[in-house]
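Undergrad:
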Amino acid sequence: MRKTPVGEVDNLMIVVAIDGPAGAGKSTIAKALAAKLRVRYLDTGAMYRAVTFAAMNSGIDLSNQDLVAELARESKMLLTDESVVINGLDATSAIRSSEVTAAVSAVAANSQVRTELRERQRRWIADHNGGVVEGRDIGSVVFPDATLKVYLTASPIVRAKRRVAQSGGNVEEIAAAIASRDLQDSSRSDSPLTQTDDAVTIDTSDRSIDEVVAQLVEMTNIRS
Ligand code: DC
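Taken in order, the sequence shown gives residues 350 to 573; the numbers are from the numbering used here.
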């Protein structure tokens, strides 16, 4: 197989960057798009969640940036479409717990952790010969020369209702938690959530998944 230097996007390789706030439909759309394009799917949020889970599990104080970063650098992480295993522990469900969800933004604001995970994301894409990558800084920082950059968004109420449908809870409380996480993710100094000028912005509030995926398949094919 042809190898691409880590961090560079070979123009024969498809990399679709999907960024946006929580609940915008990134995971569902990214997975469906990857299946249509016959490439792999990488959930980078799951990587930040896995480090958060492992740090909490080891009793590390999340505000101790050096210790959390050391754990990130030393962790063995295995991500597939179905599971997340960190240091031999299956964390697939645990990384979605409310405890991890509440703590993950602090870990995602740790620059040393971001440096490590960014490198792992680039290596993963080089090793898998491209893919659909979902996160917050994929088009802006991780893969600035991606084949296609997409910024997905949806109204706050739609995003909160989607989360409640997925995991239960009270719409108002979930809306407040999402707003707080959005604020942390977009106001941090290292690679905050932003919309790049060259990203296609899609508001998924009133659109079906199939419709959005079909549009993105077409756009990817035009650009690749
Ligand atoms: O998409 P998610 O909710 O699983 O992401 C979990 C957290 O990780 C969220 O607070 C944003 C952060 N994140 C990030 O900072 N950069 C990424 N590329 C992906 C996620």
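Ideal Cβ placement from N, Cα and C applies to all residues, glycine included.
Return helix, strand or coil for A576, following the three-state DSSP convention.
TA: Coverage of the chain is limited to positions 350 through 573, which leaves residue 576 absent and any answer about it impossible.
Undergrad: Looking at the secondary structure, which residues open and close the alpha helix (DSSP H) in which G394 lies?
TA: 393-406
Undergrad: So I551 and V566 are supposed to be a Cβ contact under 8 Å. How far apart are they, rounded?
TA: 13 Å between Cβ atoms; not a contact.
Undergrad: What do you reckon, are the CB atoms on A399 and V365 nearer than 8 Å?
TA: no
Undergrad: Looking at the strands, I want to know which residues DSSP matches up with L497.
TA: In DSSP, L497 forms a bridge with V365.
Undergrad: Quick test of your reading: L411 and A455, contact by CB under 8 Å. State the CB separation rounded to the nearest angstrom.
TA: 5 Å
Undergrad: For a test of the three-state rule: what should DSSP assign to T545, helix, strand or coil?
TA: coil
Undergrad: Do three or more CB pairs link the segment 511-525 to the segment 386-401 at distances below 8 Å?
TA: no
Undergrad: Give me the Cα-Cα distance between L542 and K498, rounded to the nearest whole angstrom.
TA: 13 Å
Undergrad: Would you mind stating whether I378 and T496 have Cβ atoms separated by less than 8 Å?
TA: The answer is no: Cβ separation not under 8 Å.
Undergrad: State the DSSP-derived secondary structure class of D476, mapped to helix, strand or coil.
TA: helix
Undergrad: When you compare only the Cα positions, how much space is there between A474 and K510?
TA: The amino acid at residue 474 is misidentified as Ala; the sequence shows Ile. Taking the straight line from one Cα to the other gives about 32 Å.
Undergrad: With DSSP collapsed to three states, give me the class of V585.
TA: Nothing can be reported for residue 585: it is not among the residues displayed for the chain, which extend from 350 to 573.
Undergrad: Between T502 and the rest of its own chain, which residues show a CB-CB distance below 6 Å, the 5 nearest in sequence each way excluded?
TA: G369, A373, D552
Undergrad: Under 8 Å, do Q470 and T545 count as touching if we go by C-beta distance?
TA: no
Undergrad: Distance check for V507 and D534, CA to CA, integer angstroms please.
TA: 19 Å
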